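Report on the following structure.
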Amino acid sequence: MSAPAPLPSRILDLVTVQRMVHTWRLKSDRIVFTNGVFDILHRGHVTYLQEAAALGDRLIIGLNSDASVKRLGKGDDRPLNDQDSRATVLAALRCVDAIVVFDQDTPMELVQVIGPDVLVKGGDWAPEKIVGAEYVKGYGGDVRSLPLVDGFSTTNLVERIRRG
């Protein structure tokens with residue numbers, strides 16, 4: 599019987615990410631934050647994360663926990679990959695500096711703790727609908743909605759797999 603592999607060092611808890619953000623700010627790094635499920639990582643996700651990372655010096659991802667994904671109503675069988683697996687795959691991307699798994703229905707607590715310079719979501723979110731947008735704008739931060747890559751979505755991918 600083997601023990602589970604340790605999680606990569608870029609997967610952090612809330613207190614540790616808060617410390618990292620403090621350290622990065624001392625270096626005048628621009629902090630970018632985004633969040634999502636990232637269930638089956640695909641080209642659309644990678645392009646989006648690279649574009650988000652290019653908006654600053656450090657990219658932090660708030661990753662929905664398995665329980666929060668269930669509450670989002672994405673389907674009884676979602677997420678297909680558990681939160682540790684999804685976090686491990688994201689941590690392998692060079693453009694990602696930190697991942698924090700959150701269990702709340704929204705990432706508002708993370709946004710408040712991190713205080714990103716740039717808050718980012720995909721183009722299916724209007725900037726004014728992004729959770730934390732008013733908070734970030736309130737201290738002079740930037741809120742962006744980045745264009746999606748046509749033809750790439752996890753929901754569509756899951757449907758194509760189901761159809762065979």
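Residue 664 in the working numbering sits at position 66 of the sequence shown, with consecutive numbering throughout.
The beta carbon of each residue, even a glycine, is placed where N, CA and C say it ideally should be.
As the structure is a prediction and not an experimental result, all values here were calculated from the model.
Distance, residue j Cα to residue i Cα
{"i": "Ala650", "j": "Asp675", "result": "29 Å"}
{"i": "Tyr733", "j": "Arg761", "result": "42 Å"}
{"i": "Ala724", "j": "Val747", "result": "16 Å"}
{"i": "Gly730", "j": "Asn633", "result": "11 Å"}
{"i": "Lys672", "j": "Val644", "result": "21 Å"}
CB contact flag (residue i, residue j, <9 Å)
{"i": "Ile728", "j": "Ser743", "result": "yes"}
{"i": "Leu639", "j": "Ile697", "result": "no"}
{"i": "Gln710", "j": "Val699", "result": "no"}
{"i": "Val694", "j": "Ile659", "result": "yes"}
{"i": "Asp722", "j": "Ser666", "result": "no"}
Limits of the unbroken alpha helix (DSSP H) element including residue i
{"i": "Lys668", "result": "Asp664 to Leu670"}
{"i": "Gly736", "result": "Ala731 to Gly736"}
Enclosing beta strand (DSSP E) for residue i [first to last residue]
{"i": "Ser743", "result": "Asp740 to Leu744"}
{"i": "Thr632", "result": "Ile629 to Gly634"}
DSSP beta-bridge partners of residue i
{"i": "Val699", "result": "Leu661"}
Residue-level contact to chain B via CB, residue i, 9 Å cutoff
{"i": "Leu691", "result": "Among the chains of the structure shown, chain B does not appear; only one protein chain is present."}
Contact the region 615-630 vs the region 710-724: 3+ CB pairs below 8 Å: By the Cβ criterion, the region 615-630 is in contact with the region 710-724, since at least three pairs of Cβ atoms, one from each stretch, lie closer than 8 Å.
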